[in-house]
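Data first, discussion second: the structure below is written as structure tokens.
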Amino acid sequence: MNNISYRHLNAFIEVSRHGSFTHAAEHLHVTQSTLTATIKQLEAQVALQLFDRTTRRVNLTRDGERFYPVAERLISDFDTAINDLRASAQQQRGHIGIAASPSVLNSLLPPVIKTYRQAFPNIGISLKEEGASGIEENVINNIVDFGIGGNRSAHPELLYQPILQDRYGVVMTHDDPLIMADTLCWNDLKQRSLSMLSVENGIRIQLEKCISEKKIPFILENSLIEASTPATLASLIQNGIGISILPALAASTPAFHSLVFKPLSEPVLRRELCLITRKGRSIGPAGEELLKRATQYFQEAPLPAYVEALSISVKQTALRA
Numbered sequence: 001m002n003n004i005s006y007r008h009l010n011a012f013i014e015v016s017r018h019g020s021f022t023h024a025a026e027h028l029h030v031t032q033s034t035l036t037a038t039i040k041q042l043e044a045q046v047a048l049q050l051f052d053r054t055t056r057r058v059n060l061t062r063d064g065e066r067f068y069p070v071a072e073r074l075i076s077d078f079d080t081a082i083n084d085l086r087a088s089a090q091q092q093r094g095h096i097g098i099a100a101s102p103s104v105l106n107s108l109l110p111p112v113i114k115t116y117r118q119a120f121p122n123i124g125i126s127l128k129e130e131g132a133s134g135i136e137e138n139v140i141n142n143i144v145d146f147g148i149g150g151n152r153s154a155h156p157e158l159l160y161q162p163i164l165q166d167r168y169g170v171v172m173t174h175d176d177p178l179i180m181a182d183t184l185c186w187n188d189l190k191q192r193s194l195s196m197l198s199v200e201n202g203i204r205i206q207l208e209k210c211i212s213e214k215k216i217p218f219i220l221e222n223s224l225i226e227a228s229t230p231a232t233l234a235s236l237i238q239n240g241i242g243i244s245i246l247p248a249l250a251a252s253t254p255a256f257h258s259l260v261f262k263p264l265s266e267p268v269l270r271r272e273l274c275l276i277t278r279k280g281r282s283i284g285p286a287g288e289e290l291l292k293r294a295t296q297y298f299q300e301a302p303l304p305a306y307v308e309a310l311s312i313s314v315k316q317t318a319l320r321a
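Heads up: the sequence shown at position 3 corresponds to 3 in UniProt numbering, and the numbers run straight through without jumps.
Printed below as a string of structure tokens:
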């Protein structure tokens with residue numbers, strides 16, 4: 001059994017450097033007898049003599065000379081690894097990966113990341129723009145530390161903590177007749193052409209689910225026009241190719257700034273955006289600090305109209321098994 005520890009390797013390095021048990025013991029702040037016993041334990045473990053001892057000096061044997069650079073590298077790697085861990089704990093070094101929906105990345109996270117980077121400039125941050133399924137896959141496969149998106153599949157390996165809520169409405173041009181309505185209802189859209197995000201998008205998935213469960217009195221016709229990205233969808237609407245149904249946060253992104261959003265009633269339909277983490281996996285001090293700042297920002301900063309922040313405890317959410 002290999003019982004060689006950091007203590008044995010460090011003792012070997014110091015005796016080699018000083019060429020003396022006495023001087024090495026002084027440097028290590030141990031007694032000479034303790035250091036001698038440590039070296040004897042190391043030699044017993046490898047079944048080789050590592051030092052030639054004379055009355056004046058201690059020299060490495062041929063085997064000791066061969067082992068010295070290896071031991072030195074092991075000690076260096078260990079010290080570096082421990083220092084890296086300590087730096088991560090103090091947020092002096094590290095990396096955070098986040099997967100989120102386009103609306104979250106475009107509208108909400110940039111101000112949070114700006115202030116976080118000012119406080120912790122040595123922490124790297126990777127942002128992945130994904131749809132609902134992509135966010136879940138990135139978290140499950142440990143590609144990112146956490147995600148922010150909809151609860152698409154209630155995956156058994158994931159935790160979903162609602163942090164934001166927004167309301168569905170209609171996106172249209174400034175000259176659309178629907179703008180004149182005091183209250184906009186789902187029934188008002190039945191005779192209108194629709195341009196919608198494609199079926200794999202989380203927003204579209206929720207709408208289809210609500211329709212199938214008869215939560216809203218509406219049917220998406222087969223003849224509607226589909227777009228795979230928000231930018232393409234916005235371009236279609238700007239050119240008079242239908243209106244669209246979107247949550248308020250998605251409608252607040254730059255692609256839709258030249259368009260108008262009006263909330264839908266009878267019934268009011270809302271979407272929840274969740275903090276998505278993997279069960280049993282902590283996100284570390286850097287991730288916790290970023291999430292703390294994000295949730296505080298959501299609570300205190302002016303959010304887009306019809307978008308609300310929900311209260312959560314970041315530490316409990318991130319570490320819950």
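Note that beta-carbon positions come from the ideal geometry of N, C-alpha and C, so glycine has one too. Predicted model, so just to flag it, every value in this text is computed and none were measured.
Opposite residue i in the DSSP bridges: which residues?
| i | result |
| --- | --- |
| R53 | V58 |
| A119 | None; A119 has no bridge partner. |
| L127 | I98 |
| Y168 | P247 |
| residue 322 | No statement about residue 322 is possible, as the shown extent of the chain runs from 1 to 321 and does not include it. |
| Y160 | I276 |
| M196 | E226 |
| L184 | L264 |
| R73 | Note: R73 sits in no beta bridge, so no partner. |
| R271 | D166 |
Identify, in the order they occur along the chain, each residue of the same chain with its Cβ nearer than 6 Å to the Cβ of residue i, setting aside the five sequence neighbours on each side.
| i | result |
| --- | --- |
| S101 | G149 |
| I243 | V170, M172, R192 |
| A294 | V112 |
| N151 | Y160, C274 |
| A251 | V171, F261 |
| E272 | P162, Q165 |
| P263 | R167, G169, Y306 |
| E26 | none |
| L28 | E14 |
What span of residues does the beta strand (DSSP E) with residue i cover, start to end?
| i | result |
| --- | --- |
| K214 | That residue, K214, is in no beta strand (DSSP E); it is neither H nor E in DSSP. |
| A309 | 307-309 |
| V104 | V104 -> no beta strand (DSSP E), and no H or E assigned at all. |
| F146 | 146-149 |
Using a Cβ-Cβ cut-off of 7 Å (strictly less than) and excluding sequence neighbours within five positions of residue i, which residues of its own chain qualify?
| i | result |
| --- | --- |
| P253 | One point to set straight first is that residue 253 is Thr, not Pro, in the sequence displayed. These residues qualify, in order along the chain: P102, S103, N106, S107, P230. |
| F21 | V15, Q32, L35, T36, V58 |
| E99 | Residue identity check: residue 99 is Ala in the sequence provided, not Glu. Counting only Cβ-Cβ distances below 7 Å, and skipping sequence neighbours, we find K128, E130, G134, I135, N138, V139, V144, G147. |
| A305 | A248 |
| R320 | Because R320 sits at a pLDDT of 46, beneath the cut-off of 50, its placement in the model cannot be relied upon, and the following sentence gives the value as read from the coordinates. Excluding residues within five positions, the ones whose Cβ falls inside 7 Å are L159. |
| L9 | A71, L74, I75 |
| L236 | S195, I225, A227, G242 |
| F12 | I39, L42, L50, A71 |
How close, in whole Å, do the beta carbons of residue i and residue j come, if the pair is a contact with beta carbons under 8 Å?
| i | j | result |
| --- | --- | --- |
| T277 | V139 | 7 Å |
| L291 | L164 | Contact flag wrong, Cβ pair sits at about 13 Å. |
| P247 | Y168 | 5 Å |
| Q45 | N2 | 7 Å |
| L194 | L233 | Not a contact, Cβ separation roughly 10 Å. |
| P267 | K214 | Going by Cβ atoms, the distance from P267 to K214 rounds to 11 Å, so no, they are not a contact pair. |
| L220 | E208 | 7 Å |
Around the Cβ of residue i, are there at least 16 other Cβ atoms within 10 angstroms (buried) or fewer (exposed)?
| i | result |
| --- | --- |
| K114 | exposed |
| T54 | exposed |
| V70 | exposed |
| N142 | exposed |
| E308 | exposed |
| I283 | buried |
| F51 | buried |
| M196 | buried |
| T38 | buried |
| Q206 | buried |
| Y6 | exposed |
| D77 | exposed |
| G97 | buried |
| R204 | buried |
| N239 | exposed |
Whose C-beta lies closer than 8 Å to the C-beta of residue i among residues of the same chain, with five residues either side of it excluded?
| i | result |
| --- | --- |
| H17 | According to the sequence provided, residue 17 is Arg. The question's His does not apply to it. The residues are A24. |
| A154 | Y160 |
| D176 | I243, V260 |
| I312 | Q161, P162, I163, L275, T295 |
Starting from residue i, trace the alpha helix (DSSP H) both ways and give me its first and last residue.
| i | result |
| --- | --- |
| R293 | 284-300 |
| E221 | First-last for E221: undefined, no H or E at that position. |
| S133 | 132-140 |
| T22 | 21-28 |
| S33 | 32-46 |
| H155 | Careful: H155 lies outside any alpha helix (DSSP H) and carries neither H nor E. |
| F12 | 6-18 |
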